[in-house]
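First up is the structure itself, then whatever we jot down about it.
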Amino acid sequence: MNKLIVWCFAILMSCVNTPSQTSQKSQNMQTNAEILVSESQGGTGRPGFVILKNEQEFLKAVKGGSFTIGEVGKEPAGNYPDFPENKKVILYNLGEFRSGDHKITEIKSVSVKNNILYVEVPQSLSGGMEIQVISKPWMIFTVPSNYQFTAVELKYSK
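Residue 157 is where the sequence shown starts when you use our numbering, and the numbers rise one by one after that.
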C-alpha cells in the first residue's frame, strides 16, 4: 500500500510544473548510472523500487528473480557483478505487461528533482501483434551515493 501511495505521489509531483530548488544532475551520466542486472521475468506485478543495502540483499534479489537451469545437486554458477560499495544499488520492478519486450538495457541519464529519481531510458518498440505473454521485468542499477530520493520514475525517450 505504501508503494502505491509513493508511486501516485511521484506521478502527481511530475505533473506539477514548478522549478526545483533541489536539482541534482551529473555531467557524465553514463559513468554515474549503471545497470548491473536486467531481466524480462521475475519481478512484481506493480512498479516499485527497493534500495539494496548489502551484498546479501543483492544476491537474494538476483537469485530470486532469475530462472536458471542447472544440474541436480549443484549450485548453478552465476556471473553476477560485484556489489558496489560507493554507490546506491536500486532494485526496480517495472510492473506487469501483457506482451512485448520491456527489458531495460541502457540508462541514458539520471537526475533527482523534488526527491524523485528520474531515470531516462530508451523507448523500445516491440513490433505489434505478438503472442500474449505476461512479463514482469525488473532491473538492478546504481546511482551516486549522494543522491537523496523517495521515489523512482522512468522517463522513456527516443
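Virtual Cβ for every residue (Gly too), placed ideally from N, Cα, C.
| Query | Result |
| --- | --- |
| Cα separation between G201 and F253? | 8 Å |
| Whose C-alpha, out of Y236, N271, I290, is nearest the C-alpha of S194? | Y236 |
| Taking C-beta to C-beta, are Y312 and V277 nearer than 8 Å? | yes |
| Indicate the three-state DSSP secondary structure (helix, strand or coil) for V193 in the structure shown. | strand |
| Taking 8 Å as the cut-off, decide whether the C-beta atoms of L250 and V206 are in contact. | no |
| So if DSSP puts T298 in a beta bridge, which residue, or which two residues, is it bridged to? | E190, V245 |
| Return the bridge partner residues of A307 from the DSSP annotation. | I272 |
| Tell me whether G201 sits in a helix, a strand or coil according to DSSP, three-state version. | coil |
| Among the candidates L215, T306, V299, Q197, whose CA atom is the shortest distance from the CA of K264? | V299 |
| I need the straight-line Cα distance from F214 to L208, nearest angstrom please. | 6 Å |
| Based on Cα-Cα distance, which residue from I296, V275, E262 lies nearest to E309? | V275 |
| Quick one: Cα of S176 to Cα of N270, how far? | Confidence in S176 is poor, its pLDDT being 38 and thus under 50, which makes the residue's placement unreliable; the coordinate value appears in the next sentence. So the two alpha carbons sit approximately 6 Å from each other. |
| Please state if the CB of A189 and the CB of I296 are separated by a distance shorter than 8 Å. | no |
| Please name the residue in I290, I272, E262, I191 whose C-alpha comes closest to that of G198. | I290 |
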